[in-house]
Amino acid sequence: MFSRLDRRAIFIATSLACAVFLLAPATGHAEGCLADPGTPGALPCYATTGETYNAFTLGTDSPDGNDTEGAVEAVLGYVMGSPVDLTVAQKFDPPGNQSLGDFSISNSTGSSFDWVYDDGLTLAALTVKAGDGFALFNIAGLESGAIDLTGLTRNGISHFTFWTGPGTSVPEPATIFLLGSGLVGLVGMAWRGKARG
Numbered sequence: 012m013f014s015r016l017d018r019r020a021i022f023i024a025t026s027l028a029c030a031v032f033l034l035a036p037a038t039g040h041a042e043g044c045l046a047d048p049g050t051p052g053a054l055p056c057y058a059t060t061g062e063t064y065n066a067f068t069l070g071t072d073s074p075d076g077n078d079t080e081g082a083v084e085a086v087l088g089y090v091m092g093s094p095v096d097l098t099v100a101q102k103f104d105p106p107g108n109q110s111l112g113d114f115s116i117s118n119s120t121g122s123s124f125d126w127v128y129d130d131g132l133t134l135a136a137l138t139v140k141a142g143d144g145f146a147l148f149n150i151a152g153l154e155s156g157a158i159d160l161t162g163l164t165r166n167g168i169s170h171f172t173f174w175t176g177p178g179t180s181v182p183e184p185a186t187i188f189l190l191g192s193g194l195v196g197l198v199g200m201a202w203r204g205k206a207r208g
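With the first letter of the sequence shown counted as 1, position 79 gets the number 90 in our numbering; the numbers rise by one all the way through.
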């Protein structure tokens, strides 16, 4: 069927295609907003990444509309229909350019900011506290983006918080190694099966 050279070429092409797919930057997608305008302190949702985040806007049970862990988990649990466990990855106060841990914040004006994250942990959500409520953005799988609430809140951004979920992702080099090993195994099994048949 295939010569040894053909099998190697197929293996290399498949491995390169998978590596390009795995290393491509993550982007967001739009599925609209879940907003409850009747909720005191609800913020309108607006975000840009070149595409749009899934966003939920909300008020909270906390008297000051703060994005406490309990408030954020309660809202996400309600939206998802099951309990959610989040952990604060990093919290920032605008304005200005900042770098903390694996996060870099730039173009922070008090109503908008750009962000970049360089770590193997999977981000789950971003909350933006402004006025007497906060906006909650689904940033699962993303490594960078831009948020702009200009003209949509009564006050500027008080702070923004990045949240991780309960699991962590496999770092990309390990993922590529595992994928490559699996492909080698599949090619070996196919080759062995054809040799016997």
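Where a beta carbon is used, it is the ideal one built from N, C-alpha and C, also for glycine.
If you draw a straight line from the Cα of Ser119 to the Cα of Phe103, it comes to about 10 Å.
Only residues of its own chain outside the window of five on either side were considered, and among them Ser119 have a CB closer than 7 Å to the CB of Gly107, listed in chain order. With a contact defined as Cβ atoms closer than 8 Å, Ser122 and Ile168 qualify at about 6 Å. Setting aside the 5 residues that flank it on each side, Val95 is surrounded in the same chain by Glu84, Leu87, Gly88, each with a C-beta closer than 6 Å to its C-beta; the list follows chain order. Within the model, the alpha-carbon separation for Lys140 versus Leu160 is close to 11 Å. Residue environment: Asp78 is assigned as buried (16 or more neighbouring CB atoms within 10 Å of its CB, all protein chains considered). In this structure, Leu147 and Ala157 do not form a Cβ contact; the two beta carbons are roughly 17 Å apart against a cut-off of 8 Å. Under the criterion of beta carbons closer than 8 Å, Gln101 and Phe145 do not qualify as touching, at roughly 16 Å.
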